[in-house]
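A.B. asks: Residue numbers (full-length UniProt numbering): 1 to 293. Built from N, CA and C at the ideal position, the CB exists for glycine as well. Here the structure is a predicted model, which is why all the values come from computation and not from measurement.
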């Protein structure tokens with residue numbers, strides 16, 4: 001049996017598909033490669049970015065910041081109280097005790113004042129220089145891969161064929177929302193409406209915005225793109241937008257993983273690792289069922 005399977009695999013996608021109509025070759029090698037490059041890049045950018053944030057754990061709206069200004073909208077810190085040092089997180093003037101996680105954390109008896117704890121940053125110890133090197137290295141990998149993917153997707157039709165929402169997709173939006181809310185998942189070759197909207201939002205809104213705000217915060221880019229800071233409302237506002245986009249990407253990742261677990265992790269992971277994906281069998285009347293994970 002193993003030799004037969006190997007010979008079929010060697011024969012290519014068409015041979016395997018001819019034996020099992022519910023097993024399709026859904027994700028190309030290029031799609032799988034870019035997916036994992038983005039995942040790895042965003043992982044290192046997130047943890048190194050939290051280390052960079054620790055150097056100044058406040059966010060502002062406006063072109064300037066400091067003690068003379070009252071434009072802080074987010075802050076993480078520590079303060080001395082009657083009960084000892086306590087960590088806090090402040091959002092739009094509302095303060096929450098986050099001792100042990102944010103602001104004041106570490107092993108018992110060795111706690112230190114730092115915005116994000118050591119286990120959530122790269123490197124784990126405070127090293128702004130190393131964090132910046134790691135952050136920028138993976139930022140360029142992410143940017144280059146995204147540009148190459150965009151050009152290739154336009155040329156080969158992947159963007160128009162698989163990601164662009166059509167009128168029928170919009171008509172199915174309400175039903176897709178209901179199905180997901182009821183954890184009623186289907187499997188088909190095409191992405192469903194919510195997937196197209198989510199992936200489109202990440203690829204064409206969040207990631208480009210992350211790159212643009214990152215460039216706006218770079219002093220070396222001010223000479224190249226002097227208008228960028230003014231367009232975004234100043235470097236401090238760009239930093240706040242950059243952080244907000246990071247939070248949205250983390251939220252997308254959490255929902256993405258939950259959907260994979262709910263829709264069938266083996267099938268979903270096999271698709272993005274090997275390219276092979278098992279769809280729902282046709283209905284008894286031989287009409288294909290439009291289903292999607």
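1. Looking at the structure shown, is residue 282 part of a helix, part of a strand, or coil, going by DSSP?
2. So, at 8 Å on beta carbons, what are the nonlocal neighbours of residue 170 in its own chain, with the 5 sequence-adjacent residues on each side left out?
3. For the pair the region 68-83 and the region 102-115, tell me if three or more CB-CB distances fall below 8 Å.
4. Quick one: residues in its chain with C-beta nearer than 7 Å to the C-beta of residue 196, no 5 flanking neighbours on either side, listed in chain order?
5. List the whole-angstrom C-beta distance separating residue 86 from residue 99, where the pair is believed to meet the contact cut-off of C-beta under 8 Å.
6. Can you give me the C-alpha to C-alpha distance between residue 239 and residue 157, rounded to a whole angstrom?
7. Which residue's Cα is closest to the Cα of residue 202: 117, 44, 39?
8. By alpha-carbon positions, which one of 214, 143, 56, 265 ends up nearest to residue 128?
9. Apply the 10 Å Cβ neighbour rule to residue 26 and answer buried if 16 or more other Cβ atoms are within range, or exposed otherwise.
10. Can you tell me which residues form a DSSP beta bridge with residue 114?
11. Alpha carbon to alpha carbon, how far is residue 60 from residue 42?
12. Let me confirm a value: residue 121 is counted as buried when at least 16 other C-beta atoms fall within 10 Å, else exposed. Which label applies?
13. Which whole-angstrom value describes the C-beta separation of residue 74 and residue 138, a residue pair presumed to lie in contact below a C-beta threshold of 8 Å?
14. Which of helix, strand or coil does DSSP assign to residue 198?
15. Among residues of its own chain, excluding the 5 on either side of residue 149, which ones have a beta-carbon nearer than 6 Å to its beta-carbon?
16. For my contact list, residue 116 and residue 204 are in at a C-beta cut-off of 8 Å; report their separation, rounded to the angstrom.
17. Does DSSP put residue 2 in a helix, in a strand, or in coil?
18. Could you check what DSSP says for residue 77 in three-state terms: helix, strand or coil?
19. Determine the closest residue to residue 49 out of 93, 29, 153, 124, with distance taken between C-alpha atoms.
20. So which of 180, 279, 172, 136 has the shortest CA-CA distance to residue 46?
21. Cβ atoms of residue 159 and residue 153: under 7 Å apart, would you say?
22. Quick check on the DSSP output: what are the complete alpha helix (DSSP H) runs of length 4 or more inside the region 120-159, in order along the chain?
C.D. replies: The short version:
1. coil
2. 193
3. yes
4. 163, 165, 169
5. 5 Å
6. 35 Å
7. 39
8. 56
9. buried
10. 103
11. 24 Å
12. buried
13. Not a contact, Cβ separation roughly 24 Å.
14. helix
15. 34
16. Their Cβ separation, rounded to whole angstroms, is 29 Å, which puts residue 116 and residue 204 out of contact at 8 Å.
17. Below a pLDDT of 50, predicted positions are generally treated as unreliable, and residue 2, at 40, falls in that range; the measurement from the model is reported next regardless. DSSP places residue 2 in helix when its eight states are reduced to three.
18. strand
19. 124
20. 136
21. yes
22. 128-156
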